[in-house]
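Enquirer: Let me begin by handing over the structure; questions about it come next.
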Amino acid sequence: METCRDEILSIDGLSKSFGKLQVLKDVTFSVGAGELIAILGPSGCGKTTLLRVVAGLVPFEAGRVLLNGQGATKRNSRDLGMVFQEPRLLPWRTTYENVHLPFELFGCADEASSAVEASLALVGLSDFASSYPHELSGGMRSRVALARALAPDPGLLIMDEPLTGLDLRNREELQDEIIRIWSEKNISLLLVTHDPSEAIHMADRIIVLSGRPSRIRDIISVSIPRPRPRDVAEVWALEQTIRNLFSDD
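Here it is as structure tokens:
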């Protein structure tokens with residue numbers, strides 16, 4: 000098993016099926032403390048299923064998934080924050096109230112005020128605390144979802160293609176914002192994306208999955224210093240390496 004120093008997430012021999020359909024097979028990797036990992040793979044290969052298993056939302060048949068050394072039934076639910084493909088904001092709640100929601104679910108709403116305000120400031124939405132989702136742009140709604148996941152101060156943030164549907168300008172701006180926030184918060188981040196260039200721009204390491212049943216095709220370290228340029232030969236070469244892995248599948 001590949002290991003990381005001071006690992007926060009450990010996945011060993013993970014397999015997951017839905018009935019007779021095997022989605023994940025013998026998936027093994029770890030995420031180090033403060034590391035940003037991107038997961039790439041063909042459409043339908045089980046990337047979202049993998050994140051849901053990590054989050055403890057779906058069971059699995061074989062292997063081990065530990066967050067801070069604990070399985071899903073024993074871990075502190077505040078150790079992990081999740082951002083979905085869609086922002087999933089409650090339309091009848093303001094920005095502040097949407098970010099406040101996790102504290103209500105955790106039963107600790109009395110400690111939430113300063114954390115919510117700090118999280119809104121972190122994503123640049125302090126001036127929109129009283130706005131409702133329909134009053135916000137798509138990029139701003141994505142920021143609210145990010146603020147909601149970060150407010151309880153998790154050690155691991157998992158993101159399931161959170162920038163899908165945004166235009167190129169907003170997408171690139173939010174990529175850089177996520178990198179800034181990840182660096183400032185010094186948290187671990189596990190990001191699913193379908194875009195090799197996004198993975199290269201953001202990640203310390205890229206986990207490339209095969210088609211179903213998904214196995215790890217390769218784990219690629221990205222050594223390009225940050226802030227990373229987007230249009231240089233080193234980036235293009237790495238993107239071609241990843242695309243070749245897809246074409247070989």
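Residue numbering for the sequence shown is 0 to 248, as defined by numbering that gives the first Met the number 0.
Each residue gets a CB set at the ideal place from its N, CA and C atoms; glycine is no exception.
These numbers come from a predicted model, not from an experiment.
1) Could you pull out every unbroken beta strand (DSSP E) segment of at least 3 residues lying fully inside the stretch 205-236, listed in chain order?
2) Run the CB neighbour count on W91, radius 10 Å, all protein chains shown included, and call it buried at 16 or more, exposed below.
3) Cβ of L49 within 8 angstroms of Cβ of V30?
4) Thinking just about the alpha-carbon of each residue, which of P195, G18, T240 is nearest to the one in S42?
5) Quick check on K24: buried or exposed, where buried means 16 or more other Cβ atoms within 10 Å of its Cβ?
6) Compare the C-alpha of G62 against each of I223, G12, A202 and name the closest.
7) Please name the residue, chosen from E34, F59, L8, T163, that lies closest to G18 on a Cα-to-Cα basis.
8) How is L66 classed by DSSP in three states: helix, strand or coil?
9) Which of helix, strand or coil does DSSP assign to G106?
10) Can the beta-carbon of R140 be found closer than 8 angstroms to that of L88?
11) Which residue from E183, E6, S246, W235 puts its Cα closest to that of G68?
12) Please classify H133 as buried or exposed, where buried requires at least 16 other C-beta atoms within 10 Å of its C-beta.
13) Starting from M139, follow its DSSP beta bridges and name the residues at the other end.
14) With a cut-off of 8 angstroms on the beta carbons, I'd call S118 and V98 a contact; round off their distance for me.
15) Excluding the 5 residues flanking A101 on each side, which residues of the same chain have their C-beta closer than 7 angstroms to its C-beta?
16) Beta-carbon separation of L173 and G138 under 8 angstroms?
17) Check for me: the beta strand (DSSP E) holding S259 runs from which residue to which?
18) Is it right to say L104 is buried, meaning 16 or more other beta carbons lie within 10 angstroms of its own, or is it exposed?
19) Unbroken beta strand (DSSP E) runs of length 3 or more, entirely within the stretch 16-97: which are they?
20) Which one or two residues does DSSP pair with S112 in a beta bridge?
Expert: If we stick to the structure as given:
1) 215-220
2) exposed
3) no
4) P195
5) The residue in question, K24, is buried, as its Cβ has 16 or more Cβ neighbours within 10 Å.
6) G12
7) F59
8) strand
9) Correct three-state label for G106: coil.
10) yes
11) E6
12) exposed
13) In DSSP, M139 forms no bridge with anything.
14) 6 angstroms
15) Reading off the sequence, residue 101 comes out as Pro, not Ala. The residues are R147, A150, P151.
16) A contact, by the Cβ cut-off of 8 angstroms.
17) The structure shown does not extend to residue 259, since the chain spans only 0 to 248, so no value can be given for it.
18) exposed
19) 20-31, 35-39, 61-66, 79-82
20) Bridge partners of S112: none, in fact.
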